[in-house]
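All remarks here apply to the structure that follows.
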């Protein structure tokens, strides 16, 4: 496999830092590594394969100057909006981790295990979009079930870790817990979240929409439909919880009318699906939890049970590391699949 010149935009951020770890773990074919960030972070260093690299300033010309072939963007939607076009013009494929391009009809929205065929559509825009972290882990479990029975509707409640709000979210939770034990939690700063997150849950992620849902919740609706190429009904309630890393989801799936759910068939379909693992032994207290999924590239599924009232409904619990599975790892898997497709490897 030939090697590629790879840029990481947002190199000093939480997802950017994770991207370097994942690139190394997957033995990504890197010829030249180009860490990019704002002028404020330029000049700092990152480590990759036990070697230090100087972070360069993100500019309109940096992609062409460094002959970048693959560009990972993880620096926020406004940065992708402003600079992705320059990477494309320089001949690179852009894999964008922000929400900016996700619903653009010209840009494929990809989870490689679910809709790898959509990667081939990248040439129209030069960009491949990485879905929302909560969407990624959910569709990884929905795809085999849709193939098994045919999904009609999904109802999901998420329990999202503070790292979904970046480094500042994690720092705020840690600081508030320290303040709690110092008996000064009332004076603790609340910047990353609208309310205290320590010892609390916040039933709002992102801004309110006119329909009573939040922007985060509507992302899950629209992105799921785009990825699965199916007008599945989706209703989401997204909740921030005081967990540092890994999102959890309680999912209820309604299948087409007349479906008789067999729980063993559901378990088998999930267990066979790529990068999904079933942990489902309630009697022995075995089920997915954030402490199991953190720092892994697996989506874990458990608490699988048929509905008490309706034969065509199943419930389960779904957990994954949203910094890896929900961002960095999915992006790297997209790039690896793109390399295979575009270079006949």
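Residue numbers (the numbering used here): 1 to 345.
The beta-carbon is built from N, C-alpha and C at its ideal position, and this holds for glycine as well.
Of the residues 121, 96, 150, the one placed nearest residue 131, counting alpha carbons only: The option with the nearest alpha carbon to residue 131 is 96.
Exposure of residue 240, with buried meaning 16 or more beta-carbon neighbours within 10 Å: Buried, since its Cβ has 16 or more Cβ neighbours within 10 Å.
What is the rounded straight-line gap between the Cα of residue 165 and the Cα of residue 304? The C-alpha of residue 165 lies about 29 Å from the C-alpha of residue 304.
Start and end of the beta strand (DSSP E) containing residue 330? Not the beta strand (DSSP E): residue 330 falls in the alpha helix (DSSP H), residues 329-342.
Between residue 129 and residue 83, which are expected to be in contact by the criterion C-beta below 8 Å, what is the C-beta distance as a whole number of angstroms? About 15 Å; that fails the 8 Å criterion.
Determine the direct distance from the alpha carbon of residue 319 to that of residue 244, and round the result to whole angstroms. Going from the Cα of residue 244 to the Cα of residue 319 covers about 13 Å.
Separation of residue 183 from residue 223, as counted between CA atoms: When rounded, the distance between both Cα atoms is 43 Å.
Contact set for residue 242: own chain, Cβ-Cβ below 6 Å, skip 5 residues either direction: Within the same chain, and ignoring the five residues on either side of residue 242 in sequence, the residues whose Cβ sits closer than 6 Å to its Cβ are 173, 197, 198.
Considering only residues of the stretch 13-81, which uninterrupted beta strand (DSSP E) runs meet the minimum length of 3 residues and lie entirely inside it, listed in chain order? Fully enclosed beta strand (DSSP E) runs of no fewer than 3 residues occupy 30-37, 45-48, 51-54, 70-73 of the stretch 13-81, in order along the chain.
In its own chain, which residues sit with a C-beta less than 6 Å from the C-beta of residue 155, not counting the 5 before and 5 after it? Correct list, in chain order: 235, 252.
Outcome for residue 118 when other beta-carbon atoms lying within 10 angstroms are tallied against a minimum of 16: The residue in question, residue 118, is buried, as its Cβ has 16 or more Cβ neighbours within 10 Å.
Going residue by residue through the stretch 143-231, where are the continuous beta strand (DSSP E) segments of at least 3 residues, counting only ones entirely within it? Listed in chain order, the complete beta strand (DSSP E) runs (minimum 3 residues) inside the stretch 143-231 are 151-160.
Can you tell me whether residue 108 is buried or exposed? The criterion is at least 16 other CB atoms within 10 Å of its CB, across all chains shown. Flag for residue 108 reads buried.
Count the CB pairs spanning the stretch 279-295 and the stretch 184-192 that are closer than 8 Å, and state whether there are at least three. In short, these stretches do not touch, since the Cβ pair count stays below three.
Pairs of beta-carbons, one from the stretch 305-314 and one from the stretch 250-266, closer than 8 Å: are there three or more? Yes: at least three Cβ pairs fall under 8 Å.
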